[in-house]
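In the UniProt record's numbering, the protein residues as written are 1 to 248.
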């Protein structure tokens, strides 16, 4: 299962932890790193069991689950840039007076108002989550939507894609793993790019020549595909273009 699927299907507790427990391993929800059970892992002259080590991995690689979630696209978190900044300062343990001084806005009562508004948002989120969970038990006609990938750069109606739609578009535009035509419609392009990204190796860095050849085997205009993969957040790269890798 793709990491995005695992991420979005994780429970609240699993999201807070930043990892899920499987039968034989622990998997980081933020990057897909797996830590096998039954193995002792060394770190800074100490030995750790698997679950403690996956926590160390999250601290070292992602700093904190909170910071990682806060950095996600605003369309995914539902937070404005101003709300993100406030949450970051609250998380750092700063007082209302310190935050008011740092942001240079209003007074401490203004900061308290923001705290109240965020708590109200939390209450609303809890109720909405409860309603959606109850709805799952009754709604027999809800389509299976394709999860939005965590590194999406622009989340909008194009991501309103069902599993059935995805299969239809893939079958229409691909033949034996080769793309016959790059569609004009944005929604169809998203599906095609998602499918192409699956053909790239995970945890592997391509140089530009190797990536070009890999994409050329899929579609003749590999430069176009490479650009769109980056634009849509399926592919990441170094600023100088010397290295490319698939986002999880």
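Every residue gets a Cβ at the ideal spot worked out from N, C-alpha and C, and that includes glycine. A quick note: this is a predicted structure, and the numbers were derived from the prediction, not measured.
Alpha-carbon to alpha-carbon, residue j and residue i
i	j	result
residue 57	residue 120	33 Å
residue 100	residue 70	20 Å
residue 217	residue 158	27 Å
residue 215	residue 208	10 Å
residue 114	residue 80	12 Å
residue 43	residue 126	38 Å
residue 35	residue 21	10 Å
residue 194	residue 5	13 Å
residue 160	residue 145	7 Å
Cβ of residue i within 8 Å of any chain B Cβ
i	result
residue 132	Annotation note: the requested chain B is absent from the structure, which comprises a single protein chain.
In DSSP terms, what residue i is bridged to
i	result
residue 249	The question about residue 249 has no answer here: the residues shown for the chain are numbered 1 through 248.
residue 162	145
residue 245	205, 236
residue 223	In DSSP, residue 223 forms no bridge with anything.
residue 175	178
Buried or exposed by the 16-neighbour rule on C-beta atoms within 10 Å, applied to residue i
i	result
residue 152	buried
residue 141	exposed
residue 248	buried
residue 188	buried
residue 27	buried
residue 253	Absent from the model: residue 253. The displayed extent of the chain is 1 to 248, so no value can be given.
residue 39	exposed
residue 47	exposed
residue 251	Only positions 1 to 248 of the chain appear in the structure, and residue 251 is not among them; the question remains open.
residue 62	buried
When the options are compared against residue i, the one with the closest alpha-carbon
i	options	result
residue 29	37, 182, 17, 40	17
residue 77	118, 27, 109	118
residue 8	147, 167, 170, 220	147
residue 122	169, 61, 39, 87	87
residue 199	179, 66, 243	179
4 or more residues per run - each alpha helix (DSSP H) lying fully within the stretch 31 to 83
50 to 62, 65 to 70, 74 to 77
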